[in-house]
Amino acid sequence: MAAFFETRLEFLKGVGTAKAALLAKYLDLHTFGDLIQFFPFRYEDRTKIYQIRELNPQLPYIQVQGTIRSMATVGAGEKKRLVIQLTDGTGTIELIWFRGINWVSKKLNPAGTYLVHGKPSVFGTQLSLTHPEFELADPQKSPKLYLQPVYNSSDALKSKFLDSKGIGQLQYNLLQLAFNHLQENLPQAIIEQFKLMPRALAFRNIHFPSNQITLKQASNRLKFEELFYIQLRLIKLKLARLDKLRGQIFSDTTLLNNFYHNHIPFTLTNAQKRVIKEAFTDLKSGKQMNRLLQGDVGSGKTMVAFICMLIVVSSRGQAAIMAPTEILANQHYIGLKDFTEALGLKMAILTGSSKTKARREIHEKLLSGDLQILVGTHALLEDVVQFKNLGLAIIDEQHRFGVAQRAKLWKKNEKFIPHVLVMTATPIPRTLAMTLYGDLEVSVIDELPSGRKPIKTVHRYEANRLRVFGFMREQIKLGRQIYIVYPLIEESEKMDFNNLMEGYDSISRAFPEYPLSIVHGKMKPADKDFEMQRFVKGETKIMVATTVIEVGVNVPNASVMIIENAERFGLAQLHQLRGRVGRGAEQSYCILITNYKISKESKERIQTMVRTNNGFEIADTDLKLRGPGDMMGTQQSGVLDLMIADLVTDGKILEAARDSAKSIIENDPELENRENQVIKQHIASLKKNTINWSRVS
Ligand code: ADP
Ligand code: MG
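Residue numbers (our numbering): 1 to 697.
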C-alpha cells in the first residue's frame, strides 16, 4: 500500500521526466506521497458570485458574472490598456489589462457571458478589476462554486506550465488514482470523538474544497493527524526512558511538614503548591523524575526547589542545586541558610572561588553523607565531587547550561540516576513546550506571590534623556538603586563596547555625587563579582551593565531598570531584564529607551512590554513575531518543520492530539489492540519514508 505513494512523480499523468526534474529541484517533490502532501498555501474564494453593485475596494478576490458592454484599447505607451465594461444588470465594472492585450481581446467573445475573478480596486469613483481571470459561462446553468487552491510555484516552474493552476491539475490527476490508497490512519474511536473528517476525504478537500466548512474540516483533520503522530512518538520515547530508569523512592514528609508548619516565612501561592504536588508524585513514584519547571521571574521557584530537596533529604538522599553564576549560587546559599539551620540540616556552597581546604572538606562530607544539600556553580560538576547518594539534582536557569553539562550532573549517582528538576524563567509557550519537550514533564508557576506591585513600564526616546536623568535622581534620593543596561550582543563588538563606555562616562558626569558600578563580559570574573557585590550591598547606587546581569540576581532595593537601545533586544531578553526589578516592596519602573526611528517589529516588542508583565503573554507574542523555529534556534527547528499544523494557532488541536496519543499509549503501550492496528501500520509506512520520520527524531 505504502508503495503506491513511493511511486516517482514522472509516472504521474501530465508529469514526465522533464517536469519531474523541475518539481524535484524547485519544490523538493519526488514521489506521489510528496505531491499529495504539498498543500495549497491559500485559497481563492469562488463560492459566491457577487452582484456588481455589492462590490467595494475593501473586498478581497471576488467573482462576478456578466456580459460585455464595450471593449476598447485606450492610452498609449506605458499607459496603453484594454478596458472592458462588464455589466450584470446591477451595475458596471471595468476590467483592465495593461499586458497581454492582444491575447485577451482575441480570446474574449463580445457576445459571451463571463465569470470574472479579481480584486476590486477603485480609480476615482470607477471600480475596476485589473488583470482578472475570466472564463466563458453558460448563462442557462448555475456555475460550479468552489474554492480555488493556490500552490507555491516559481518562475522556472511557471515557464513550464507548472504554475499554481498547473500544479492543481497534477493534484487532481493524482487524487483520481490515490483516493483509494489513502487509508485511514487514526482509530475509529478518535475519529468519532473529535468528529474528524475521514483521511481520504480530507486529502481531497484540502486540495479541492467545495466550501469553507469542508476546508476547515479537512485542515483540522490533517493537522490533528500530523500532531498526533509527533506526540505519539515523543510519548513513546518518554515511556521508554521511564521504563529504563528506575528512580529512588522519596516519600517521607517529616522535614517538609516541620518546615511548612514552623519556618516558612510566607504562604505558598496555589501555583507553588500545585507544582510541589506534581514533583512529589514523581519523587515517590519509583520512576525517575525529569521535570521542567517554568515560572516567570519572581514567581518563587527557589522555594519549590527547596521543598523538593526537603522531601529527598528526609529519606536520606542528598540534593544539589547548580546555578549559572557565582552571584546566584551565593544568593541561593544565603537565602536558604536560615532554613537549613533551623531544620538542623547541613548545607555547603561550592564555587570556583572556594578555597582548597574548604573544598576538600566538602568533598569528604559529600561522600560520607554528612552534607545533605550542596549549592554551587559549574564547580559542582568536577569529577572529584562525589556524593554518597545524590537523590535530586536541580538546575537553575537551565538555558544557561549546555546539554553536556547537565548530563554530567546526572552521572553523579551510579546506582540510581538522580531525580532531575530544571528551572527556567524564560517562558516557553505551552504549545511549543509540548512539542519540544514532549519527553519532559512540564510544570508551570503561573502566578506571582500576592502583594507584588506590577512594574510600571514606559517607552522614552533618546531625546528625553534629561527627563530620565531627573527621574533617576528622584529615585536615588528615595533610597533606591538603578540598573542601566546596554546591548552588547556579541561581547566582542567594538562599537557596542564603546557605547557602553560612553554611557558610563556620561552617567558619571551627570551623577558625580554617587558612586557607580560597571559590569560587562570583558571583565575578569572576580572583578565582576566585586562590582556586583558593591551594588548588592548598596555601596553603589547605579549599576551600568550589559546583559551579563540578565540572570537571577536579586537586589530588592533596585527598583529602576533602564534599557538603552531597547529596540535591539528580543522580547524574552527584555522581559528577563525587567525581572531584575520589582523584587522589593517599593513601586518599580522599567524605562525602555530607543531612537525615534525603529522598525515596526521593534515597536511591537516595546508596546508589548509596556502593555503586559505576563511572561507567558510575552512569550506568545514573541512566538507570533518570530515564529517557533527562530525562537528555539536552528538546532531544534527540525522538530518544528511541520507540514500543515501551526504551533502559533493550533494549540487546541495539539492538546487534543496529545491527550489522545497519551491515552492510547497508556492503554495499549505496544499497540497490540485491534483498533490500534491502523496506527501501527501507519508508523511502519512512515519509517520507510525516512524524510518524514526524521522530522520528529
Ligand atoms: P524566581 O522564580 O525568579 O527564582 P525567587 O525564587 O527568587 O523567584 O523568588 C523571588 C522572591 O519571592 C524571593 O524573595 C522569595 O523569597 C519570594 N517568594 C517566593 N515565594 C513567595 C510566596 N509564596 N509569597 C511571598 N514571597 C515569596
Ligand atoms: Mg531564580
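Virtual Cβ for every residue (Gly too), placed ideally from N, Cα, C.
Thinking C-alpha only, which one of the options is nearest residue i?
i	options	result
PHE530	ASN673, ILE327, ALA619 and ALA24	ILE327
ASN211	LYS528, ILE482 and LEU147	LEU147
PRO110	THR269, HIS117 and ALA72	ALA72
LYS541	ASP252, ASN557, ARG406 and PHE123	ASN557
GLU6	ALA76, GLY112, PRO143 and LEU174	LEU174
THR351	PRO324, GLN37 and ARG221	PRO324
ALA3	GLY33, LEU12 and GLY124	GLY33
ASN220	TYR43, ASP650, PRO120 and VAL519	ASP650
ASN279	MET303, HIS261 and PHE266	The identity of residue 279 in the sequence shown is Ala, whereas the question assumes Asn. Here the closest residue by C-alpha is MET303.
GLN188	ALA684, LEU440, LEU35 and GLN677	GLN677
ILE482	GLU54, VAL555, SER154 and ILE96	VAL555
ALA407	PRO449, LEU381 and GLY391	LEU381
SER660	GLU94, ILE679 and ILE167	ILE679
PHE266	PHE194, LEU162 and LEU448	LEU448
LEU686	MET309, ILE230 and HIS363	ILE230
Is residue i close to the ligand MG? I mean its beta-carbon at under 7 Å from any heavy atom of the ligand.
i	result
ASP296	no
LYS302	The sequence given here has Thr at residue 302, not Lys. Yes - the ligand MG has a heavy atom lying nearer than 7 Å to the Cβ of THR302.
ASP396	yes
Which same chain residues end up closer than 7 Å to residue i when comparing Cβ atoms and leaving out the 5 residues on each side of it in sequence?
i	result
GLU10	GLY16, THR17 and ALA20
LEU182	ARG199, ALA200 and PHE203
ILE752	Absent from the model: residue 752. The displayed extent of the chain is 1 to 697, so no value can be given.
GLY286	ARG246, GLY247 and ILE249
MET1	Because the pLDDT of MET1 is 48, which lies under 50, any placement of that residue in the model is unreliable, and the number read from its coordinates should be weighed accordingly. Excluding sequence neighbours, MET1 sits near HIS181 and GLN183.
GLY14	GLN169, LEU170 and ASN173
HIS610	According to the sequence shown, residue 610 is Val rather than His. THR457, VAL458 and HIS459.
VAL275	LEU293, VAL304, SER443 and ILE445
Please report the Cβ distance between residue i and residue j, rounded to the nearest whole angstrom; I am assuming they are in contact, meaning their Cβ atoms lie under 8 Å.
i	j	result
GLY298	GLY579	6 Å
ILE653	LEU227	6 Å
VAL116	LEU82	Actually they do not touch by this definition, with Cβ atoms about 14 Å apart.
ILE235	ILE598	The pair is not a contact, with the Cβ atoms about 43 Å apart (cut-off 8 Å).
HIS520	THR546	5 Å
LEU593	GLU564	Inspection of the sequence shows that residue 593 is occupied by Ile rather than by Leu. At roughly 5 Å, the Cβ-Cβ gap stays under 8 Å, so ILE593 and GLU564 are in contact.
LEU27	PHE38	7 Å
THR435	LEU647	6 Å
ASP620	PRO429	5 Å
Whose C-beta lies closer than 8 Å to the C-beta of residue i among residues of the same chain, with five residues either side of it excluded?
i	result
TYR114	GLN65, GLY66, THR67, ILE68, LEU86, LEU108, PHE134, GLU135, LEU136 and ALA137
ASN614	ASP296
ARG88	For clarity, residue 88 is Asp in the given sequence; the question names Arg instead. These residues qualify, in order along the chain: GLN51, ILE52, VAL64, GLN65, GLY66 and THR67.
THR92	ILE52, ARG69, GLN85 and LEU86
Here's a check: name, in chain order, each residue in its chain whose Cβ is nearer than 6 Å to the Cβ of residue i, leaving out the five neighbours to either side.
i	result
SER559	ARG480, VAL581, GLU586 and SER588
ARG605	LEU571
GLN635	Annotation note: pLDDT 38 at GLN635 (below 50); position unreliable, coordinate value reported separately. Answer for GLN635: no residue qualifies.
HIS682	ASN185
VAL122	PRO57
ASP282	MET289
GLU655	none
ARG568	PRO487
GLY369	LYS388
LYS273	none
SER450	none
ALA218	MET197, ALA202, ASN205 and ILE206
So does residue i have its beta carbon nearer than 7 Å to some heavy atom of the ligand ADP?
i	result
ASN554	yes
ALA425	yes
THR698	With the chain running from 1 to 697 in the structure shown, residue 698 is simply not present.
SER699	Residue numbering for the chain in the displayed model covers 1 to 697; residue 699 lies beyond these limits and cannot be assessed.
GLN576	no
GLN705	Here the chain comprises residues numbered 1 to 697, so residue 705 is not present and cannot be evaluated.
GLN288	no
PRO324	no
ARG583	yes
PRO449	yes
GLN58	no
GLN573	no
GLN37	no
GLN272	yes
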